[in-house]
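Numbering (my numbering), first residue to last: 208 to 469.
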């Protein structure tokens, strides 16, 4: 996990830095330091970078009680390479997790969205670093993603992207046909992480049966699932259900990552 650009910030600051993944891709990230002993890694979904306003809001929620690292997946934002549709993105997550571990945090969690949640499952299955995860709109398999573009909720997403001027949006994509780890299989390998699945019932991209299948397959001591009535896809749950998502995310990490009030 070579560090290409060092984070030399002090407590209370937010600093950007670059990491090199095990397959040689340069990943750009930001470290929000609040002086906590716990850290949350925020993993955006496809087409979103850390400059997306709702990913930023998610990082802000986590940063109220934890230090935070939010990063751009390969092919997104300021990171290099091409996005490979969950074939290699777990290597990005692993690079960030190993960096966080090297900083001495006592407890490390993940807050992940959509294909970022798929990458997080695939990463957590390959290490013992992650104590707790909140997985929002996670797919059980890339090839089962629904993408019902004809549903009216798609227009709400489109309007949201237009309203924000497409800030934080975009991706440099690569080969979609590469072999991919399947989250539904990989999640069975996770034994030491608490996992909270959150999904919207009106998600037009990834239907909520994905989270239900992942929940049923997860073989961990602590797991939970919440289907939000009329909820949209991924970061749109932060936008449209801000108070509820704030309470769900922080409550779960209070219960499973740190002692309440710590």
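Where a beta carbon is used, it is the ideal one built from N, C-alpha and C, also for glycine.
**Report entry** First through last residue of the beta strand (DSSP E) which encompasses residue 424
**Finding:** Note, residue 424: premise wrong, no beta strand (DSSP E); alpha helix (DSSP H) at 416-424.
Query - Closest Cα partner of residue 260 within the set 367, 307, 432, 290 - result: Residue 367 is the option with its Cα nearest to residue 260.
Report task. Pull up the DSSP beta-bridge partners for residue 233, would you. Result -> When beta bridges are read from the DSSP output, residue 233 appears opposite 227.
Query raised in the report: Near residue 405, which residues of its chain fall below 6 Å by C-beta distance, leaving aside the five closest residues on each side in sequence?
Result: Correct list, in chain order: 343, 433.
Query raised in the report: What's the C-alpha gap between residue 359 and residue 443?
Result: Each residue's alpha carbon lies about 14 Å from the other.
Query raised in the report: Going by the beta-carbon positions, is the gap between residue 316 and residue 348 smaller than 8 Å?
Result: No, the pair does not count as a contact, with Cβ atoms beyond the cut-off.
Report task. May I have the straight-line CA-CA distance separating residue 254 from residue 292, to the nearest angstrom? Result -> Those two C-alpha atoms are separated by around 11 Å.
**Report entry** Stretch-stretch touch, CB-based, cutoff 8 Å, three pairs: the region 361-380 with the region 302-316
**Finding:** These segments do not touch.
Query - Inter-stretch contact (C-beta, 8 Å, three-pair minimum) for the region 266-277 and the region 417-425 - result: As far as the Cβ criterion goes, the region 266-277 does not touch the region 417-425, which means the pair count is below three.
Query raised in the report: Quick one: Cα of residue 283 to Cα of residue 252, how far?
Result: About 10 Å.
Query raised in the report: If you drop the 5 nearest sequence neighbours on each side, which residues of the same chain put their C-beta closer than 6 Å to that of residue 168?
Result: This structure gives no information on residue 168, because the portion of the chain shown stretches from 208 to 469.
Report task. Taking the CB atoms as reference points, tell me whether residue 237 and residue 225 lie closer together than 8 Å. Result -> No. Outside cutoff.
Query raised in the report: Out of 383, 286, 407, which has the shortest C-alpha to C-alpha gap to residue 451?
Result: By alpha-carbon distance to residue 451, the top candidate from 383, 286, 407 is 407.
Report task. Label residue 415 either buried or exposed according to how many other C-beta atoms from any shown protein chain fall within 10 Å of its C-beta, with 16 as the threshold for buried. Result -> Burial is judged here by how many other beta carbons sit within 10 angstroms of a residue's own beta carbon; residue 415 has at least 16 and is buried.
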